[in-house]
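Trainee:
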Amino acid sequence: MTSTLPPPPAPVDPDRPAPFSGTPVLGEPGQIDAEGVCAWFGGRLVLESVDLVMAKSKVTALIGPSGCGKSTFLRILNRMHEVVPGAQLAGTVKLDGTDIYGPGQRAMETRRHIGMVFQKPNPFPAMTIAENVLAGLRFSRVSPASKDDLIEESLTKGGLWNEVKDRLGELGGALSGGQQQRLCIARSLAVKPRVLLMDEPCSALDPTSTLRIEQTIKEIADEVTVVIVTHNMQQAQRVSDQCAFFLAEENQPGRVIESGRTEKIFGEPTDQRTFDYVNGQFG
Amino acid sequence: MTTQTAPEGVLVTTTSASTQTPPAPRPPETGRGPDSGSGSGSGDSSGVAGPPTPPRPRRLPSPIRPSAFGAEDVFLLVASAVSALCLVWIVFYQLTSLSGGLGFLVAWYLTFLALTWLGTAQMIERQVATDRVVGVVVVSAALLVIGIVLFIVVWVAAKAIPTIHWGALFTKDQKSFQVADPHALDHVGILHAIIGTFEQVGLAVLMGVPFAIATAIYLNEVKGFGSRTVRTVVTAMSGTPSVVAGIFIYSMLILTHVLSYSGFAASLALVVILLPSVTRVVEEVLRVVPSGLREASQALGAPEWRTVWSVVLPTARSGVVTAVLLGIARIVGETAPLLFTAFGSQVLNLSPFTHDQGALPLVIWSDVRQAQPVLIDLAFQAAFVLMCLVLILFVLARLFSRPRGRKGGWRRGDNRPAEDDLFARFIVPVPIQERTDP
């Protein structure tokens, strides 16, 4: 499936300068450059010097066994890491050339550009489906030109519109698990982020819902850069253009072992550990 | 949900096969009970599976609930109770010279437990016997509590209701009371106390609840500097004897002539009691709001106050309302803090800010000790009114703490059956839908 896509970006080079440094535009897909990212929890190093470029309009999958720092890395990308008590980090993360941890950058603003979908579906239970979709705009005090259009557009992108168009006034908790997760995706897309981070979005869902969400991911990839953490290697193969393999060896912090085009990571990995992992030898 | 929206008849067939012996294709109207949210579409599509023959009613076996507790077990319990009664009677009054009703009851109960255990162990086995005895203890403890509460309620109601003059009770104060007037209840009431209680409690709620919710948010959402200390202080405060709250206001504000005896001073004392109790409950309620919701809100770019205001508090809405209502129920009957703040008055005083003011607990406290039978009756009537107030508050609290109907809303855990379902399953016989053959 990746063969029809344009050529993937060059392998990661930490010294490469930021490729784009224009003014950030809301709604345009963005590129994230992570350089030398390290993370600590309570003084313990869990992630060591990760350099990764998540190219514009591409789906990047972060794979690797549990506890290797994939989710931590993902949360660093939209400043959700610093919410955890005792969490620290180092390194730079650039969104289209702007360091999101730079002076004067506010976490809230960053999160508006870089949305996130979590492992467990978490629609706001006290809000209706429509209110859920509009929640992000309400939080940032932006009123859209037409609420109805935005609701329809976001839910269509989230692949949920046909199922819920007659029950927008129902509470978000009334949906099934898979629908809730798609509602969460629609909610994240409604604020028109430039990057969408997904932290194992299908791990709590059945295969049918998973398939539906994977379709959604492919459909939105034109408009938003997607970074997805997954334990499911078939899923990584199905949805992603490029892949990064994380591994934390015994008593070591997590590192990126290998990254590059998905076909290459799965087809001809250069590192023996990557080969073992993607072929189910461990993990 | 997902199986329902699928149009294939195969899926639908399997669902009906689980409840019936022959795996026949499902007829159109057999919806899947109350949870068929989008059932209209599936009903049409499953009709395609079979030819449209007229449905024929079909007999179902009567539903059963397998129970481990049968007639034999009831007999065993009754037999144990009777034999324990006889045994204890013989030992208590014939063999020894013990006396006293309470001691007899306790001895009877313990003997009953012992005999139940022995009997069950003989007839069934020891594990079951222990299980049964624990069950009996738990049930009897619950019955005892319910019995005591019912006794208090019924006793107060029985003392109060026959003497109530409904015309006067809610419209008159005690101004025109004259000693040794047997018909005083015609023109004496507790309006002054009802007004006083409403004003004092209302002011206390207005002042206390915002602080309590803010404190709970500080403890659970902000988790700011010294929140552990604050929590300890709040816990200690909730253990403060209520009379101390009264003395505090009395010595700080009334003795220093900042305030005179007034309903407002009383409400300040009530705030001291209301604040910790509401804070603790609201904090608990906020704690069970899933942290994923906060993260989701933050990930959408919401500032912290927005997260609390638009996500956390609405999610915990019913719990917060319950906490406030329970807090009101807690302070509405407080007597000690009012003694030297509101001070109590026999006449109606509409203003809570000037002069002493009556209150329901104060009427009970002062009138029940009088030598006038009429005043004692009045005290019981006030107690009855107070009880009804608390009862109303608790009923309201129950109504608000209910999940928001079938449409969903937030449920703790994923598939916790709604309270209504449990109720329906155990109290109301479940209506069984007519199943039909094609």
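Chains as they are written, first to last, in my numbering: chain D, 959 to 1241; chain P, 8 to 445.
Heads up, the beta-carbon is just placed ideally off N, CA and C, and yes, glycines get one too.
Values in this document were obtained by computation on a predicted structure and should not be read as measured data.
#1: How is the beta strand (DSSP E) around R1196 (chain D) delimited, first residue to last?
#2: Taking the alpha carbon of W998 (chain D) as the point to measure from, which residue in D:E1040, D:T1056, D:A1019, D:I990 has its own alpha carbon closest?
#3: Where does the unbroken alpha helix (DSSP H) through E1177 (chain D) begin, and where does it stop?
#4: Mind listing the chain P neighbours of N1080 (chain D)? Cutoff is C-beta to C-beta under 8 Å, in chain order.
#5: Between the stretch 1195 to 1206 of chain D and the stretch 1221 to 1240 of chain D, are three or more C-beta pairs nearer than 8 Å?
#6: Please go through the same chain and pick out, in chain order, the residues whose beta-carbon is closer than 6 Å to the beta-carbon of M1074 (chain D), but skip the five residues on each side of it.
#7: For P344 (chain P), which residues of its own chain have a beta-carbon under 8 Å away from its beta-carbon, when the five flanking residues on both sides are left out?
#8: Which of helix, strand or coil does DSSP assign to F1233 (chain D)?
#9: So is E1226 (chain D) buried or exposed if we call it buried at 16+ other beta carbons inside 10 Å?
#10: Can you say whether Y268 (chain P) is buried or exposed, counting buried as having 16 or more other CB atoms within 10 angstroms of its CB?
#11: Against C1142 (chain D), what residues of chain P qualify as contacts under a CB-to-CB distance less than 8 Å, listed in chain order?
#12: Select from P:P283, P:W96, P:S325, P:F271 the residue whose C-alpha is nearest the C-alpha of V296 (chain P).
#13: Pull up the CB-CB distance for V292 (chain P) and V327 (chain P), whole angstroms please, since I reckon it's below 8 Å.
#14: Can you list the residues of chain P that E1067 (chain D) reaches, using a CB-CB cut of under 9 Å?
#15: Skipping 5 residues on each side, what residues in its chain have a beta carbon closer than 8 Å to that of T1086 (chain D)?
#16: Could you pull out every residue in the same chain whose Cβ sits closer than 7 Å to the Cβ of R419 (chain P), ignoring the five residues on either side in sequence?
#17: Roughly how many whole angstroms lie between the Cα atoms of V1153 (chain D) and G1000 (chain D)?
#18: In or out: C395 (chain P) buried (at least 16 other Cβ within 10 Å) or exposed?
#19: Is it true that the CB of P359 (chain P) sits closer than 8 Å to the CB of E206 (chain P)?
#20: Answer with buried or exposed for Q185 (chain P), where buried requires no fewer than 16 other C-beta atoms within 10 angstroms of its C-beta.
#21: Contact between the stretch 1076 to 1094 of chain D and the stretch 308 to 326 of chain P: three or more CB pairs below 8 Å?
#22: Tell me which same chain residues have a C-beta within less than 7 Å of the C-beta of V1017 (chain D), skipping the five on either side of it?
#23: List, in chain order, every chain D residue whose beta-carbon is nearer than 9 Å to that of S317 (chain P).
#24: Compare the Cα-Cα distances from R1170 (chain D) to each of D:R1140, D:T1188, D:G1212, D:R1033 and report the closest residue.
#25: To the nearest angstrom, how far is the alpha carbon of L151 (chain P) from that of I159 (chain P)?
#26: Quick one: what's got a C-beta closer than 7 Å to A330 (chain P)'s C-beta in the same chain, skipping five residues either side?
#27: How long is the line joining the alpha carbons of V113 (chain P) and V85 (chain P), rounded to whole angstroms?
#28: So, do the stretch 238 to 247 of chain P and the stretch 334 to 344 of chain P have three or more beta carbon pairs nearer to each other than 8 Å?
#29: According to DSSP, what are the bridge partners of K1052 (chain D)?
#30: Using a Cβ-Cβ cut-off of 8 Å, state whether R313 (chain P) counts as contacting chain D.
#31: So is D991 (chain D) buried or exposed if we call it buried at 16+ other beta carbons inside 10 Å?
#32: Cβ closer than 7 Å: which chain P residues qualify as neighbours of F1076 (chain D)?
#33: How is the alpha helix (DSSP H) around R324 (chain P) delimited, first residue to last?
#34: Pick out whichever of D:K1105, D:S1029, D:S1134 has its Cα sitting closest to the Cα of L911 (chain D).
#35: Is the Cβ-Cβ distance between L1005 (chain D) and G1212 (chain D) less than 8 Å?
#36: Which whole-angstrom value is the C-beta distance of L403 (chain P) and L332 (chain P), which I expect to be below 8 Å?
Mentor: Judging by the given coordinates:
#1: Your numbering for residue 1196 (chain D) matches position 238 in the first sequence. Premise fails: R1196 (chain D) lies in the alpha helix (DSSP H), 1191 to 1197, not in any beta strand (DSSP E).
#2: The residue labelled residue 998 (chain D) in the question sits at position 40 within the first sequence. Measuring from the Cα of W998 (chain D), the nearest candidate turns out to be D:E1040.
#3: Within the first sequence, the letter at position 219 stands for residue 1177 (chain D). Per DSSP, E1177 (chain D) belongs to the alpha helix (DSSP H) from 1165 to 1178.
#4: Your numbering for residue 1080 (chain D) matches position 122 in the first sequence. By Cβ distance, chain P contributes P297, G299, L300, E302, A303.
#5: yes
#6: For this step, residue 1074 (chain D) is matched to residue 116 along the first sequence. These residues qualify, in order along the chain: N1036, L1155.
#7: Reading the second sequence from its first residue, position 337 is the one you call residue 344 (chain P). Within the same chain, P344 (chain P) has close Cβ partners S249, V250, A252, G253, I256, A273, A276, L277, V279, I280.
#8: Here residue 1233 (chain D) refers to the residue found at position 275 when the first sequence is read from its first residue. If DSSP states are grouped into helix, strand and coil, F1233 (chain D) belongs with the helices.
#9: For this step, residue 1226 (chain D) is matched to residue 268 along the first sequence. Exposed, since its Cβ has fewer than 16 Cβ neighbours within 10 Å.
#10: Along the second sequence, one-based indexing puts residue 268 (chain P) at 261. With 16 or more Cβ atoms within 10 Å of its Cβ, Y268 (chain P) is classed as buried.
#11: Counting from one through the first sequence, the residue named residue 1142 (chain D) turns up at place 184. Within chain P, the residues near C1142 (chain D) are A303.
#12: Translated into positions along the second sequence, residue 296 (chain P) becomes position 289. Taking only the C-alpha atoms, the option nearest V296 (chain P) is P:S325.
#13: Residue 292 (chain P) sits at position 285 when you count from the first residue of the second sequence. Residue 327 (chain P) sits at position 320 when you count from the first residue of the second sequence. Contact holds; Cβ gap of about 6 Å.
#14: Numbered from 1 along the first sequence, position 109 holds the residue referred to as residue 1067 (chain D). Within chain P, the residues near E1067 (chain D) are G308.
#15: Taking the first residue of the first sequence as position 1, residue 1086 (chain D) is located at position 128. L1126, G1127, E1128, L1129, G1130.
#16: Reading the second sequence from its first residue, position 412 is the one you call residue 419 (chain P). With a pLDDT of 40 at R419 (chain P), under the threshold of 50, the modelled position of this residue cannot be trusted; read the value that follows with caution. Here the set comprises V295.
#17: Locating residue 1153 (chain D) in the first sequence gives position 195, where the first residue counts as 1. Locating residue 1000 (chain D) in the first sequence gives position 42, where the first residue counts as 1. Cα to Cα, the separation comes out at about 29 Å.
#18: In the second sequence, counting from the first residue as 1, residue 395 (chain P) sits at position 388. Answer is exposed; the Cβ neighbour count stays below 16.
#19: One-based indexing of the second sequence puts residue 206 (chain P) at position 199. One-based indexing of the second sequence puts residue 359 (chain P) at position 352. Yes, they are a contact pair.
#20: As a first step, residue 185 (chain P) must be located in the second sequence, where it is residue number 178. That one is exposed.
#21: yes
#22: Numbered from its first residue, the first sequence carries residue 1017 (chain D) at position 59. If we look at V1017 (chain D) and ignore the five residues flanking it on each side, its Cβ neighbours are I1175, A1179, V1184, I1186, V1197, S1198, D1199.
#23: In the second sequence, counting from the first residue as 1, residue 317 (chain P) sits at position 310. The contacting residues are F1082, A1084, M1085, A1093, R1096, F1097.
#24: If you number the first sequence from 1, residue 1170 (chain D) lands on position 212. For R1170 (chain D), the nearest C-alpha among the options comes from D:R1140.
#25: Translated into positions along the second sequence, residue 151 (chain P) becomes position 144. Translated into positions along the second sequence, residue 159 (chain P) becomes position 152. Each residue's Cα considered, the two are about 12 Å apart.
#26: Looking up residue 330 (chain P) in the second sequence gives position 323. Only V285, V288, V289, V292 meet the Cβ criterion.
#27: Here residue 113 (chain P) refers to the residue found at position 106 when the second sequence is read from its first residue. Here residue 85 (chain P) refers to the residue found at position 78 when the second sequence is read from its first residue. So the alpha carbons of these two residues sit roughly 17 Å apart.
#28: no
#29: Position 94 of the first sequence, counting from 1, holds the residue named residue 1052 (chain D). K1052 (chain D) pairs with D:D991, D:D1057.
#30: One-based indexing of the second sequence puts residue 313 (chain P) at position 306. At least one chain D Cβ lies under 8 Å of R313 (chain P).
#31: The residue given as residue 991 (chain D) occupies position 33 in the first sequence. Buried: at least 16 other Cβ atoms inside 10 Å.
#32: Position 118 of the first sequence, counting from 1, holds the residue named residue 1076 (chain D). By Cβ distance, chain P contributes G299, E302, A303.
#33: The sequence position of residue 324 (chain P) within the second sequence is 317, counting from 1. 324 to 339 is the span of the alpha helix (DSSP H), which, as asked, contains R324 (chain P).
#34: Nothing about residue 911 (chain D) can be reported from this structure: the residues present for chain D run from 959 to 1241 only.
#35: Locating residue 1005 (chain D) in the first sequence gives position 47, counting from the first residue. Locating residue 1212 (chain D) in the first sequence gives position 254, counting from the first residue. Yes. Within cutoff.
#36: Position 396 of the second sequence, counted from the first residue, corresponds to residue 403 (chain P). Position 325 of the second sequence, counted from the first residue, corresponds to residue 332 (chain P). Right, the Cβ-Cβ distance comes to about 5 Å (below 8 Å), so this counts as a contact.
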